[in-house]
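Q: Reading the sequence shown from the start, the letters are residues 885 to 1323 in the numbering used here.
C-beta: ideal position from N, C-alpha, C; glycine also.
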Amino acid sequence: MKTLFRSGRVLDPSNGMDIYGSVLVEDGHIAAIGQDVASDDSTLIYECSGLWICPGLVDMHSHLREPGQEHRESIRSGTQAAAAGGFTNLCCMPNTSPPLDSPVLIDYILDKAAAPDAGGVFVAPVGALTKGQLGEQVSDLSALKKAGIVAASDEGAPIQNSQLMKRAMETCLQLDIPIMAHCEDRSLSSVGSMNEGAVSALLGLVGVPRSAEDIMVARNCLLSLETGCKLHILRVSTWGAVELIRQAKFLGAPVTCEICPHHFVFTEDSIHEFDTNCKTTPPFRTQNDLDVLLGALSDGTIDCIASDHSPYAPYEVDVPFEEAPAGLSALESTVGATLTYVTHTGMLSPLETVRKLSTSPADIVGLEAGTLQPNGSPVAQITVIDPNVEWTFDVAQTFSKGKNNPFHSHQFRGKAVLTFCGSEIYRDPFFNEERFILP
885 MKTLFRSGRV LDPSNGMDIY GSVLVEDGHI AAIGQDVASD DSTLIYECSG
935 LWICPGLVDM HSHLREPGQE HRESIRSGTQ AAAAGGFTNL CCMPNTSPPL
985 DSPVLIDYIL DKAAAPDAGG VFVAPVGALT KGQLGEQVSD LSALKKAGIV
1035 AASDEGAPIQ NSQLMKRAME TCLQLDIPIM AHCEDRSLSS VGSMNEGAVS
1085 ALLGLVGVPR SAEDIMVARN CLLSLETGCK LHILRVSTWG AVELIRQAKF
1135 LGAPVTCEIC PHHFVFTEDS IHEFDTNCKT TPPFRTQNDL DVLLGALSDG
1185 TIDCIASDHS PYAPYEVDVP FEEAPAGLSA LESTVGATLT YVTHTGMLSP
1235 LETVRKLSTS PADIVGLEAG TLQPNGSPVA QITVIDPNVE WTFDVAQTFS
1285 KGKNNPFHSH QFRGKAVLTF CGSEIYRDPF FNEERFILP
């Protein structure tokens, strides 16, 4: 079986490619790429004029909730949402019930993700950094790596003890796996529900100071510099964290970081209506933070864009603001938000946009993904993006069980319209039949 993605803008940051051409897939693998790729009468053709042909997108920060929290999301619904969002790979976080701290649970995740009724995307589990995510004893990370984890994380329960964090880094250094660290000093943030400042005072809500994030970013960067352990900082939200990461990189620490679209679009002012869809961890910050974050995304200090997909059941979100859980269901809005607020505003070129959404996250966790090079991945992973289609994001039309998303009803420009992972796994209605040519 041959499939040709014809006459689009081919964007492959893994080799600096930005050309108008075609990509040929044969028997599920990329066979040729270039400006003049031949086809025959047996070839299925996707006409991609005016579209981007990119490596499959990689989301390195998603919560699939299974096992134990299937009322919020399941591996099936989460991977379907990923495919609809343009992702062919995602890293699932370990804060499930029970946490992903044993090889049996890693096997469970991989088996469920490979099931025929799942979304068809690759799932890379992230193991719990400490047993039960209790912050008391480092997990058996060697066994977890053999089972298939690509990183370890304290996501949802950040390690407060510096000695324990140092020991965890020394272990991960020996195993050559990165630590994904949620940076939060709980002694400063535990009772807060939004950014600490004038707006929180006006609304009568307890605030989370930016120092809660900055202190832990500084500690973890210093420990990374000392131990040599690869450190990936999750969901950066403050200008102080950006400057600390920039300095750590300058000093030679193996540190990377990510930003989520909601942190470069929304500010604390969005909470005036007490909309629980706007409650996140870390919280929306100020316009000054947002401006610095966008600059850091543009200059490369921030390495990648991640969704932080955190779905909740509707009844969990429909409560007073201070009682609501923090997070949003974001896999299906990430591409639209990124193109609308970053690419089309000139902050990132199309090639750099794809790098932040695909090649960089794949490189950080060592996935065979993020490239259009022949034999660069187990099967052909391709995302086709319409950069100019205008559409309205509607949570009622999403695959995810979670409908908690502040982007609901937002007008976006740009959308993933076809996701291909060995074969077609999702085709959006915007990709009309005139572009779909059967052999």
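Starting from the N-terminal side, write out each stretch of the beta strand (DSSP E) that is 3 residues or longer and does not extend beyond the region 1139-1197.
A: 1139-1143
Q: Start and end of the beta strand (DSSP E) containing F1270?
A: Sequence index remark: in the sequence shown, residue 1270 carries index 386 (1-based). In the sequence as presented, Phe is not what sits at residue 1270; that position holds Asp. Unbroken beta strand (DSSP E) run through D1270: 1265-1276.
Q: How big is the Cα-Cα spacing for G1081 and P1093?
A: Counting from one through the sequence shown, the residue named residue 1081 turns up at place 197. Counting from one through the sequence shown, the residue named residue 1093 turns up at place 209. Taking the CA atoms as reference points, G1081 sits about 8 Å from P1093.
Q: How would you call G1091, buried or exposed, if buried means at least 16 neighbouring beta carbons within 10 angstroms?
A: Numbered from its first residue, the sequence shown carries residue 1091 at position 207. With 16 or more Cβ atoms within 10 Å of its Cβ, G1091 is classed as buried.
Q: For the candidate residues L935, L1109, N979, G1016, whose alpha-carbon lies nearest to that of V1010?
A: The sequence position of residue 1010 within the sequence shown is 126, counting from 1. The residue with the shortest Cα to Cα distance from V1010 is N979.
Q: What are the boundary residues of the alpha helix (DSSP H) that includes Y992?
A: On the sequence shown, residue 992 is found 108 positions in, with the first residue counted as 1. 987-997 is the span of the alpha helix (DSSP H), which, as asked, contains Y992.
Q: Just to confirm the assignment: which complete alpha helix (DSSP H) runs, minimum length 4, are found wholly within the region 1079-1120?
A: Taking 4 residues as the shortest admissible run, the region 1079-1120 contains the following complete alpha helix (DSSP H) segments, listed from N- to C-terminal end: 1082-1087, 1095-1111.
Q: Put N899 into one of helix, strand or coil per three-state DSSP.
A: If you number the sequence shown from 1, residue 899 lands on position 15. N899 falls in the helix class under three-state DSSP.
Q: With a CB to CB cut of under 6 Å and the five nearest residues on each side skipped, what residues in its chain are close to G905?
A: As a working note, residue 905 is residue 21 in the sequence shown. Here the set comprises V894, G918, Q919.
Q: As a quick exercise: from C1144, D1183, V1268, L928, pick the residue whose alpha carbon is nearest that of S1211.
A: What you label residue 1211 is simply residue 327 of the sequence shown in a count that begins at 1. According to the sequence provided, residue 1211 is Gly. The question's Ser does not apply to it. Closest by alpha carbon: C1144.
Q: Roughly how many angstroms separate the alpha carbons of S898 and R1239, rounded to a whole number?
A: Taking the sequence shown and counting its residues from 1, one reaches residue 898 at position 14. Taking the sequence shown and counting its residues from 1, one reaches residue 1239 at position 355. The C-alpha of R1239 is placed about 8 Å away from the C-alpha of S898.
Q: Who are the Cβ neighbours of T1276 in its own chain at under 8 Å, not counting the five residues just before and after it?
A: Here residue 1276 corresponds to residue number 392 of the sequence shown, with the count starting at 1. Residues S1293, H1294, Q1295, F1296 of the same chain have their beta carbon placed closer than 8 Å to that of T1276, with the five preceding and five following residues left out of the count.
Q: Can at least three beta-carbon pairs, one atom from the region 931-938 and one from the region 947-954, be found at a separation below 8 Å?
A: Contact between the region 931-938 and the region 947-954 is absent: fewer than three C-beta pairs spanning the two stretches fall below 8 Å.
Q: So is S1213 buried or exposed if we call it buried at 16+ other beta carbons inside 10 Å?
A: Indexing the sequence shown from 1 puts residue 1213 at position 329. Buried, since its Cβ has 16 or more Cβ neighbours within 10 Å.
Q: Quick check on the DSSP output: the alpha helix (DSSP H) that includes P1245 runs from which residue to which?
A: Position 361 of the sequence shown, counted from the first residue, corresponds to residue 1245. Unbroken alpha helix (DSSP H) run through P1245: 1244-1249.
Q: My assumption, with CB atoms under 8 Å, is that V1139 sits in contact with V1176. Please give the rounded CB distance.
A: Residue 1139 sits at position 255 when you count from the first residue of the sequence shown. Residue 1176 sits at position 292 when you count from the first residue of the sequence shown. About 17 Å; that fails the 8 Å criterion.
Q: With a threshold of 6 Å on Cβ separation, who are the neighbours of F1304 within its own chain once the five nearest residues in sequence on each side are excluded?
A: Within the sequence shown, numbered from 1, the residue matching residue 1304 stands at position 420. Excluding positions up to five away in sequence, the list reads I1266.
Q: Can you tell which of G1260, L1109, A968, H1066 has the C-alpha that lies nearest to the C-alpha of F1314?
A: By 1-based counting over the sequence shown, the position of residue 1314 is 430. Among G1260, L1109, A968, H1066, the Cα nearest to that of F1314 is on A968.
Q: Among the residues of its own chain, which have a CB less than 6 Å from the CB of H955, if the five just before and after it don't count?
A: Position 71 of the sequence shown holds residue 955. Cβ neighbours of H955 beyond the five flanking positions: A1197.
Q: Would you kindly report the start and end of the unbroken alpha helix (DSSP H) that includes G1124?
A: Indexing the sequence shown from 1 puts residue 1124 at position 240. Segment 1123-1135, the alpha helix (DSSP H) holding G1124.
Q: Anyone know if the C-beta pair for S1307 and G912 falls short of 8 Å?
A: What you label residue 1307 is simply residue 423 of the sequence shown in a count that begins at 1. What you label residue 912 is simply residue 28 of the sequence shown in a count that begins at 1. In contact: S1307 and G912 (Cβ atoms closer than 8 Å).
Q: Output needed for L1215: all residues of its chain with C-beta closer than 6 Å, excluding positions within five of it in sequence on either side, in chain order.
A: On the sequence shown, residue 1215 is found 331 positions in, with the first residue counted as 1. Here the set comprises A965, A966, G969, S1191, H1193.
Q: Give a yes or no on whether the C-beta atoms belonging to T1165 and A1208 are separated by under 8 Å.
A: What you label residue 1165 is simply residue 281 of the sequence shown in a count that begins at 1. What you label residue 1208 is simply residue 324 of the sequence shown in a count that begins at 1. Going by C-beta atoms, T1165 is not nearer than 8 Å to A1208.
Q: Could you tell me the alpha carbon to alpha carbon distance between I1129 and N1045, rounded to whole angstroms?
A: Against the sequence shown, residue 1129 aligns to sequence position 245. Against the sequence shown, residue 1045 aligns to sequence position 161. Going from the Cα of I1129 to the Cα of N1045 covers about 21 Å.
Q: In terms of residues, what are the limits of the beta strand (DSSP E) holding S1037?
A: To locate residue 1037, count along the sequence shown from 1; it is residue 153. Element bounds for S1037: 1035-1037.
Q: For H1147 versus P1290, is the C-beta distance shorter than 8 Å?
A: In the sequence shown, the residue the question calls residue 1147 occupies position 263. In the sequence shown, the residue the question calls residue 1290 occupies position 406. Between H1147 and P1290, the CB-CB gap reaches or exceeds 8 Å.
Q: Can you give me the Cβ contacts of L1174 inside the same chain, cut-off strictly under 7 Å, excluding the 5 residues immediately before and after it?
A: Working through the sequence shown from its first residue, we reach residue 1174 at position 290. Hits under 7 Å: F1148, T1151.
Q: Could you compute how far the alpha carbon of A1036 sits from the alpha carbon of L1025?
A: To locate residue 1036, count along the sequence shown from 1; it is residue 152. To locate residue 1025, count along the sequence shown from 1; it is residue 141. Looking at the two C-alpha atoms, the distance is approximately 8 Å.
Q: What does DSSP give as the partner residues of H913 in its beta bridges?
A: The residue given as residue 913 occupies position 29 in the sequence shown. E910, per the DSSP bridge assignment.
Q: Look up V1300 in the DSSP assignment and give the residues it is bridged to.
A: Translated into the one-based positions of the sequence shown, residue 1300 becomes position 416. According to the sequence displayed, residue 1300 carries Ala and not Val. Answer is I1269.
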